[in-house]
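Remember, this note's numbering sits 50 above the position in the sequence shown when you count from 1. Just so you know, even glycine gets a beta-carbon here, dropped at the ideal spot from N, CA and C.
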Amino acid sequence: MAAITDVCDLKPFKSMWKIRVKILRLWKQYSTAGGLTIEIVLIDSNGVKIKVSVKKDLVNQFDAFLSQGSSKILINFSLNPSCGSYRTTIHPYKIGFLSTTRVRCCDALPDELTGFEPVNYRDILDGSLNTDYLVDVIGQIVEVTPIEVVLANGKDTKKITVELLKKK
51 MAAITDVCDL KPFKSMWKIR VKILRLWKQY STAGGLTIEI VLIDSNGVKI KVSVKKDLVN
111 QFDAFLSQGS SKILINFSLN PSCGSYRTTI HPYKIGFLST TRVRCCDALP DELTGFEPVN
171 YRDILDGSLN TDYLVDVIGQ IVEVTPIEVV LANGKDTKKI TVELLKKK
């Protein structure tokens, strides 16, 4: 049986990888270009995160086997460069499910693996963080604006503004 690989060691030169991970976040996303996809953020026992995309043709095949908070062993998947803005992890690659990908149940990874890495609020304000990646912020919400449509990268995009309580 193939050994379990740490997420930090995944490289795109092969597809027959085997990893043991916890599903931190899972959501379905629809776009006219890509159709309905399942988007996932995984974490391994070392706290290393990686993004996953299950394309529209495979959603029905895998949907019932994937749930947020569950731990799984994933076998045989592709790795592609992760690039662009608003990335959910700093891992240089993202996982793509194949029709031959296998999803197996396994013992639960610890609840302590939350994936949260809060950043210092001052680092956000002074612009020292890489804006290609999403960041975790902990705070008390004091106001949420209604959804507004703004132009971003030449496309209409929905935006919501959240105001956090500033404490000294």
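Check, Outcome
"Is the CB-CB distance between threonine 207 and threonine 195 below 8 Å?", "no"
"Excluding sequence positions up to five away, which residues of its chain have a Cβ less than 8 Å from the Cβ of valine 98?", "Asp56, Val57, Cys58, His141"
"Is DSSP giving tyrosine 143 helix, strand or coil here?", "strand"
"Give me the DSSP bridge partner(s) of glutamate 198.", "Lys209"
"Measuring CA to CA, which of Cys156, Val187, Asn180, Leu179 is closest to glutamate 167?", "Val187"
"Less than 8 Å between the beta carbons of phenylalanine 112 and phenylalanine 127, yes or no?", "no"
"With a Cβ-Cβ cutoff of 8 Å, do lysine 209 and glutamate 198 count as a contact?", "yes"
"Any chance you could list the alpha helix (DSSP H) runs of at least 4 consecutive residues sitting entirely within the region 78-146, in chain order?", "109-112"
"Buried or exposed: which applies to serine 81, given that a residue is buried once 16 or more other Cβ atoms fall within 10 Å of its Cβ?", "exposed"
"Can you tell me where the alpha helix (DSSP H) with leucine 175 in it begins and where it stops?", "171-175"
"Tell me, please, which residues DSSP counts as bridged to cysteine 155.", "Lys122"
"Can lysine 101 and glycine 85 be called in contact, C-beta distance under 8 Å?", "no"
"Look up aspartate 59 in the DSSP assignment and say whether it is helix, strand or coil.", "helix"
"Quick check: what's the CA-CA separation for asparagine 96 versus valine 104?", "24 Å"
"With DSSP collapsed to three states, give me the class of proline 160.", "coil"
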